[in-house]
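Q: The structure follows.
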Amino acid sequence: TAIAYVGIDGGIFKKYGLQVEEVFIRDALSAGVYSLIGVDFLIGFGNPIALLQPMTAGADIVSLGTHVSQVPYHMGVSSDISEIKDLKGKKIGVSGIGGRSDLLARVILRRAGLDPLKDVEMVPVGLSPNRVAALSKNIIQGAPLTPEIADRAKQLGLKVLDVKEVPLITAMLMTTRSFIKKDEETVRRFMKGYLAAIHFYLTRRNESIAIIRKYFSGREPETLEGMYEAFAAQLKPLPAPDREAAQALIDAASVVNPKSKDIRPPDLFEPRFLEELRDSGFLDELYAEKISL
Numbered sequence: 125t126a127i128a129y130v131g132i133d134g135g136i137f138k139k140y141g142l143q144v145e146e147v148f149i150r151d152a153l154s155a156g157v158y159s160l161i162g163v164d165f166l167i168g169f170g171n172p173i174a175l176l177q178p179m180t181a182g183a184d185i186v187s188l189g190t191h192v193s194q195v196p197y198h199m200g201v202s203s204d205i206s207e208i209k210d211l212k213g214k215k216i217g218v219s220g221i222g223g224r225s226d227l228l229a230r231v232i233l234r235r236a237g238l239d240p241l242k243d244v245e246m247v248p249v250g251l252s253p254n255r256v257a258a259l260s261k262n263i264i265q266g267a268p269l270t271p272e273i274a275d276r277a278k279q280l281g282l283k284v285l286d287v288k289e290v291p292l293i294t295a296m297l298m299t300t301r302s303f304i305k306k307d308e309e310t311v312r313r314f315m316k317g318y319l320a321a322i323h324f325y326l327t328r329r330n331e332s333i334a335i336i337r338k339y340f341s342g343r344e345p346e347t348l349e350g351m352y353e354a355f356a357a358q359l360k361p362l363p364a365p366d367r368e369a370a371q372a373l374i375d376a377a378s379v380v381n382p383k384s385k386d387i388r389p390p391d392l393f394e395p396r397f398l399e400e401l402r403d404s405g406f407l408d409e410l411y412a413e414k415i416s417l
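Residue numbers 125 to 417, in the working numbering, belong to the letters of the sequence shown in order.
In structure tokens, the structure reads:
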């Protein structure tokens with residue numbers, strides 16, 4: 125996540141006395157979470173579905189915050205579709221069952237009054253370019269698209285429906301309750317760095333883009349700027365969970381794992397560190413520029 129990038133490369137975590145190492149895990153949906161449980165890592169950012177899966181089995185895992193609870197998305201559709209509810213009986217293309225685009229599609233469909241289990245067929249077709257290609261060949265009749273990909277689809281002559289921002293958590297900061305109990309002060313310092321990294325991203329545009337560029341080499345400057353603006357628009361100074369977004373996540377996850385529906389939104393989070401930083405005035409001082417970065 126870009127917040128981790130600026131937090132590490134911008135020296136923000138180091139300011140709070142932490143030596144944070146970046147480790148990418150792409151092998152499996154839940155690999156990062158099981159690394160936390162196995163104490164390979166202490167704190168990490170990850171796919172929220174990866175949090176819910178082991179939680180249903182009683183795993184010692186919890187989220188400390190989520191900096192994105194509203195996601196701007198569009199729905200690419202075939203030419204005969206006028207509104208989302210017209211997708212009933214159609215095929216919806218997603219990257220993979222349980223992935224981000226699948227979760228988003230299910231939330232969008234539910235908000236339009238459709239049952240993703242009964243009213244449509246979810247078809248794994250791959251990443252955004254694959255979904256656009258499948259739409260153009262009418263292999264699928266609907267696909268969730270990011271604003272950037274939606275613009276490209278329009279340029280290709282495809283029909284795109286605007287969608288109200290989707291309430292869904294797509295990234296979480298995770299740890300274990302046992303680590304919180306063992307080293308509460310480290311968690312507290314990390315949370316200060318986390319909030320300061322969000323502030324850095326929101327207030328230091330050029331420096332943030334320069335950091336992002338290192339992780340997305342080969343991207344055009346305009347593309348990087350678009351990525352920055354899109355992500356900045358989703359951020360909030362206090363990365364506290366949104367209850368509606370958390371419930372939408374649980375509802376979507378229950379399709380993959382029915383046991384997920386027994387989880388309540390408060391079960392996902394340990395809010396006290398964010399509450400402490402808010403109530404102590406740390407956040408106000410940060411945005412009043414009384415705390416140097």
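Glycine included, each C-beta is placed from N, C-alpha and C at the ideal position.
1. Can you tell me whether leucine 153 is helix, strand or coil according to DSSP?
2. For isoleucine 127, count neighbouring Cβ atoms within 10 angstroms of its own Cβ and tell me buried if that reaches 16, exposed if not.
3. Quick one: using the 10 Å Cβ neighbour count with 16 as the cut-off for buried, is threonine 294 buried or exposed?
4. Compare the C-alpha of leucine 285 against each of Gln279, Leu269, Pro291 and name the closest.
5. Let me know if lysine 316 comes out buried or exposed under the rule of 16 or more other beta-carbons within 10 Å of its beta-carbon.
6. Phenylalanine 169 bridges to which residues according to DSSP?
7. To the nearest whole angstrom, what separates the beta carbons of phenylalanine 324 and glycine 134, a pair I think is in contact under 8 Å?
8. Do you know how far the Cα of lysine 305 is from the Cα of proline 389?
9. Which residue or residues does DSSP assign as beta-bridge partners of serine 187?
10. Along the chain, where does the alpha helix (DSSP H) containing aspartate 408 start, and where does it finish?
11. Identify the continuous alpha helix (DSSP H) that holds alanine 334 and give its terminal residues.
12. May I ask you to report which of helix, strand or coil DSSP gives valine 195?
13. Let me check one thing: in DSSP terms, what residues is alanine 267 bridge-paired to?
14. Nearest-angstrom Cα distance between aspartate 403 and arginine 224?
15. Looking at the unbroken alpha helix (DSSP H) that takes in glycine 182, where does it start and where does it end?
16. So is glutamate 400 buried or exposed if we call it buried at 16+ other beta carbons inside 10 Å?
17. Where does glycine 222 sit, in a helix, a strand or coil, going by DSSP?
18. Take the Cβ of arginine 230 as the centre, count every other Cβ of all protein chains shown within 10 Å, and call the residue buried at 16 or more, exposed below.
19. In or out: phenylalanine 340 buried (at least 16 other Cβ within 10 Å) or exposed?
20. Excluding sequence positions up to five away, which residues of its chain have a Cβ less than 8 Å from the Cβ of alanine 354?
21. Leaving out five residues on either side along the sequence, give the residues of the same chain with a beta carbon under 6 Å from the beta carbon of leucine 176.
A: The answer reads as follows:
1. At leucine 153 the pLDDT is 46, less than 50, meaning the model places this residue with poor confidence; the figure from the coordinates comes in the next sentence. Of the three classes helix, strand and coil, the one that applies to leucine 153 here is coil, per DSSP.
2. Buried: at least 16 other Cβ atoms inside 10 Å.
3. Under this definition threonine 294 is a buried residue.
4. Between leucine 285 and the set Gln279, Leu269, Pro291, the nearest pair of CA atoms involves Leu269.
5. With 16 or more other Cβ atoms within 10 Å, it is buried.
6. Phenylalanine 169 has Leu297 as its beta-bridge partners, per DSSP.
7. Contact flag correct, Cβ pair sits at about 5 Å.
8. The C-alpha of lysine 305 is placed about 22 Å away from the C-alpha of proline 389.
9. Met298, Phe393, per the DSSP bridge assignment.
10. From DSSP, the alpha helix (DSSP H) with aspartate 408 extends over 406–411.
11. Annotation: the continuous alpha helix (DSSP H) that includes alanine 334 extends over 329–339.
12. Three-state DSSP puts valine 195 in a strand.
13. Beta-bridge pairing links alanine 267 to Gly200.
14. Using only the alpha carbons, I get a separation of about 33 Å.
15. Per DSSP, glycine 182 belongs to no alpha helix (DSSP H) and is neither H nor E.
16. Classification of glutamate 400: exposed, given that the 10 Å Cβ count is below 16.
17. The DSSP-derived three-state label of glycine 222 is coil.
18. Per the 10 Å Cβ criterion, buried.
19. In the assembly as shown, phenylalanine 340 is an exposed residue. Its beta-carbon has fewer than 16 other beta-carbons within 10 Å.
20. Pro196, Thr270, Pro271, Glu272.
21. Once the five neighbours on either side are set aside, the close Cβ partners of leucine 176 are Ala377, Ser384.
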